[in-house]
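Colleague: One structure, pasted below without further comment.
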Amino acid sequence: MMSGKRILLGVTGSIAAYKAVDILRRLQEQGAEVRVVMTRNACRFVSKLTFEALSGFPVLSDEYDPHEREGIGHIDVTSGLDLALIAPATANSIGKIASGIADDALTSALMAIDCPLMIAPAMNDRMYRNAVLRRNMASLRELSVRFIEPEVGKLACGTEGQGRLAETSTIVDAVSASFLPRDLAGVTVLVTAGPTREPIDAVRFISNPSTGKMGYALARVARDRGAKVILISGPVALTPPGGVTFIPVVSAADLHRAVMEQIGAAQVVVMAAAVSDFRPVAATDRKIKKEAAPATLALERTADILQELGALPGNRLLVGFAAETDDVLDNASRKLRAKQLDMIVVNDLLTNGAGFGSDTNVVTIIDRNGLTTHLPLMDKTEVAARVLDKVLELKAKQGNLP
-3 MMSGKRILLG
7 VTGSIAAYKA
17 VDILRRLQEQ
27 GAEVRVVMTR
37 NACRFVSKLT
47 FEALSGFPVL
57 SDEYDPHERE
67 GIGHIDVTSG
77 LDLALIAPAT
87 ANSIGKIASG
97 IADDALTSAL
107 MAIDCPLMIA
117 PAMNDRMYRN
127 AVLRRNMASL
137 RELSVRFIEP
147 EVGKLACGTE
157 GQGRLAETST
167 IVDAVSASFL
177 PRDLAGVTVL
187 VTAGPTREPI
197 DAVRFISNPS
207 TGKMGYALAR
217 VARDRGAKVI
227 LISGPVALTP
237 PGGVTFIPVV
247 SAADLHRAVM
257 EQIGAAQVVV
267 MAAAVSDFRP
277 VAATDRKIKK
287 EAAPATLALE
297 RTADILQELG
307 ALPGNRLLVG
317 FAAETDDVLD
327 NASRKLRAKQ
337 LDMIVVNDLL
347 TNGAGFGSDT
357 NVVTIIDRNG
367 LTTHLPLMDK
377 TEVAARVLDK
387 VLELKAKQGN
397 LP
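If you're matching positions, the sequence shown starts at -3 in the numbering used here and goes up one per residue.
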């Protein structure tokens, strides 16, 4: 998502400075080239050598040290930047940036940037509530500086409150999102994710191995591209993305009810949930003892939510998913036609790196016109981006983009 992007990572003198090491690595994993600038106080917490070894570039911290540079350090390091990120940012550094003070390597570099700036504050909760800090942040927001809000939790001083540096994943997601086009602005996207559970008794149920990773990636990328997102999810171990309407469900009946309640608001529906096709005819809220268990379990079909959606009137775009092991493309094409879908995303469960539980996927996208697109092994976030690209292509052909 950040391949070829050049990012300046500014590290200030916070106890959270050690987390910048992980931020650096995560940005690199997404393809970014990262240059690091540190304040002198940041060097008290983490050594320059650590960042130099991991980034592969010299770290600027003292412009008056002749061993640190050959040219003009704060100018050279800002050439060709796509984004500047300050993480962690202290109250002192935010005040300097807001006031236009350039008295060290980092603040001098920030005076020379001509790219977007993002700031992730980290400090004591009382400092974060300080009126002067809030005024400085407001001034910077007026200059289009984006803040990644700190989290509530235990702070270095031992108290609880808002001031802890945002999680690395939150910061990296925010950076990644800043490079995405806002081409889904004005579109409401409904995404279903995860498995459903059909109870047998108080402790047993029928389900499947879906982890929800694909659906959550779709919700996150759609949000980052400007969509209003409704995420309906079965039971998973994932944290719902911020900024989406989140509706938790358990059974196929719960999912059916939630989808039908929300369908009227959606222009795009992406059914990535792995819905149980069957449920026990007679479930009980008591535990069935092993000795009393029947030899067979009577099942009945659950509602075919996808087929019901395909039969609804309206010009919403409907995307289905299929996980197959045999005759993969033929089965997916039949499902596309039978359910009256606009597009289907299918994966072969026998392919390495594809399917349930994996962070990657290998999929084929088939649209209603028969156009087939094969995607190689890639991260599910990238798969989500490609699926949404195809959604936009189809919507453009329909002529109903907002």
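A virtual CB, placed ideally from N, CA and C, is assigned to each residue, including glycine. Quick caveat, the model's predicted, so the values are computed rather than measured.
For Lys150, write down the residues that DSSP places opposite it in a beta bridge.
Modeller: According to DSSP, Lys150 bridges with Glu156.
Colleague: Quick check: the Cα distance between Ala268 and Ala189, rounded to an integer number of angstroms?
Modeller: Each residue's Cα considered, the two are about 5 Å apart.
Colleague: Could you tell me which residues DSSP pairs with Asn357 in its beta bridges?
Modeller: DSSP output for Asn357 lists Met374 as bridge partner(s).
Colleague: Would Ala399 and Ala83 qualify as a contact pair, given that the criterion is a beta-carbon distance under 8 Å?
Modeller: Since the first residue of the chain shown is -3 and the last is 398, residue 399 is not available in this structure.
Colleague: Among Arg333, Asp338, Phe242, which one has its Cα closest to the Cα of Gly310?
Modeller: For Gly310, the nearest C-alpha among the options comes from Asp338.
Colleague: Which residues does DSSP pair with Leu295 in a beta bridge?
Modeller: Pro276, per the DSSP bridge assignment.
Colleague: Please classify Gly208 as buried or exposed, where buried requires at least 16 neighbouring CB atoms within 10 angstroms.
Modeller: Classification of Gly208: buried, given that the 10 Å Cβ count is 16 or more.
Colleague: Let's test the definition: count the other Cβ atoms within 10 Å of the Cβ of Phe201 and tell me whether it reaches 16, buried, or not, exposed.
Modeller: Classification for Phe201: buried.
Colleague: Quick one: what does DSSP say Val42 is sitting in, helix, strand or coil?
Modeller: Coil, per DSSP.
Colleague: May I have the straight-line CA-CA distance separating Leu56 from Ser104, to the nearest angstrom?
Modeller: Answer to the nearest angstrom: the Cα atoms are 11 Å apart.
Colleague: Does the Cβ of Arg178 have 16 or more other Cβ atoms within 10 Å, making it buried, or fewer, making it exposed?
Modeller: By the 10 Å Cβ count, Arg178 comes out exposed.
Colleague: Residues in its own chain within less than 7 Å of Cys111 by CB, not counting five upstream and five downstream?
Modeller: These residues qualify, in order along the chain: Leu77, Asp78, Leu79, Ala80.
Colleague: Over what stretch of residues does the beta strand (DSSP E) that includes Met(-2) continue unbroken?
Modeller: Premise fails: Met(-2) is in no beta strand (DSSP E) and is neither H nor E.
Colleague: Given a threshold of 16 other Cβ atoms within 10 Å of its Cβ, counted over all protein chains shown, does Tyr14 qualify as buried or as exposed?
Modeller: Label assigned to Tyr14: exposed.
Colleague: Leu295 to Lys286, Cα distance in whole Å?
Modeller: Rounded to whole angstroms, Leu295 to Lys286 spans 19 Å at the Cα level.
Colleague: Whole angstroms is fine: what's the gap from Gln26's alpha carbon to Ala198's?
Modeller: Roughly 44 Å between the two C-alpha positions.
Colleague: Enumerate in chain order the residues of its own chain whose CB-to-CB distance from Leu1 is below 8 Å, with the five nearest sequence positions on each side excluded.
Modeller: For clarity, residue 1 is Lys in the given sequence; the question names Leu instead. Contacts found: Gly27, Ala28, Glu29, Asp78, Leu79, Phe175.
Colleague: Use the C-beta contact count for Ala380: other C-beta atoms within 10 angstroms, 16 or more gives buried, fewer gives exposed.
Modeller: Buried, by the Cβ-count rule.
Colleague: Going by the DSSP bridge assignment, what does Glu287 pair with across the sheet?
Modeller: DSSP output for Glu287 lists no bridge partner at all.
Colleague: So the beta strand (DSSP E) Ala189 belongs to, where does it begin and stop?
Modeller: Unbroken beta strand (DSSP E) run through Ala189: 184 to 189.
Colleague: Residue range of the alpha helix (DSSP H) that Lys15 falls in?
Modeller: Note, Lys15: alpha helix (DSSP H), 15 to 25.
Colleague: Got a sec? Which residues, its chain only, sit under 7 Å from Asn343 by beta carbon, not counting five neighbours each side?
Modeller: Once the five neighbours on either side are set aside, the close Cβ partners of Asn343 are Ala319, Ala350, Gly351, Asn357, Val358, Val359.
Colleague: So, helix, strand or coil for Glu29, using DSSP?
Modeller: Looking at Glu29 - three-state DSSP - the assignment turns out to be strand.
Colleague: If you draw a straight line from the C-alpha of Asn88 to the C-alpha of Thr35, how long is it?
Modeller: Cα to Cα, Asn88 sits roughly 11 Å from Thr35.
Colleague: Please name the residue in Ser229, Thr192, Ser206 whose C-alpha comes closest to that of Ser247.
Modeller: Ranking the options by Cα distance to Ser247, first place goes to Thr192.
Colleague: Using a Cβ-Cβ cutoff of less than 6 Å, which residues in the same chain neighbour Asn327 once the five nearest sequence positions on both sides are dropped?
Modeller: Within the same chain, Asn327 has close Cβ partners Glu320.
Colleague: Run through the segment 99 to 156 for me and flag every whole alpha helix (DSSP H) of 4 or more residues, listed as ranges in chain order.
Modeller: Here the runs fully enclosed are 101 to 108, 121 to 125, 127 to 138.
Colleague: Rounded to whole angstroms, how far is the Cβ of Ile228 from the Cβ of Val271, which I believe are closer than 8 Å?
Modeller: Going by Cβ atoms, the distance from Ile228 to Val271 rounds to 11 Å, so no, they are not a contact pair.
Colleague: Which two residues bound the contiguous beta strand (DSSP E) that contains Val342?
Modeller: Note, Val342: beta strand (DSSP E), 339 to 344.
Colleague: With 16 other CB atoms within 10 Å as the buried threshold, where does Glu138 fall?
Modeller: Classification for Glu138: exposed.
Colleague: Let's test the definition: count the other Cβ atoms within 10 Å of the Cβ of Ile68 and tell me whether it reaches 16, buried, or not, exposed.
Modeller: Confidence at Ile68 is low in this model, with a pLDDT of 47, below 50, so the placement of that residue should be treated as unreliable; the coordinate-derived value is given next. Result: exposed.
Colleague: By the 10 Å Cβ neighbour count, where 16 or more other Cβ atoms means buried, how is Lys283 classified, buried or exposed?
Modeller: The residue in question, Lys283, is exposed, as its Cβ has fewer than 16 Cβ neighbours within 10 Å.
Colleague: Where does Pro205 land, buried or exposed, given buried means 16+ other C-beta within 10 angstroms?
Modeller: So Pro205 ends up on the exposed side.
Colleague: In this structure, how does DSSP classify Leu77 when only helix, strand and coil are distinguished?
Modeller: Note: Leu77 maps to coil in three-state DSSP.
Colleague: Cα separation between Gly316 and Ala38?
Modeller: Near 49 Å, if we compare the C-alpha coordinates of Ala38 and Gly316.
Colleague: Where do the N-terminal and C-terminal ends of the beta strand (DSSP E) with Leu56 fall, by residue?
Modeller: Note, Leu56: premise wrong, no beta strand (DSSP E); not H, not E.
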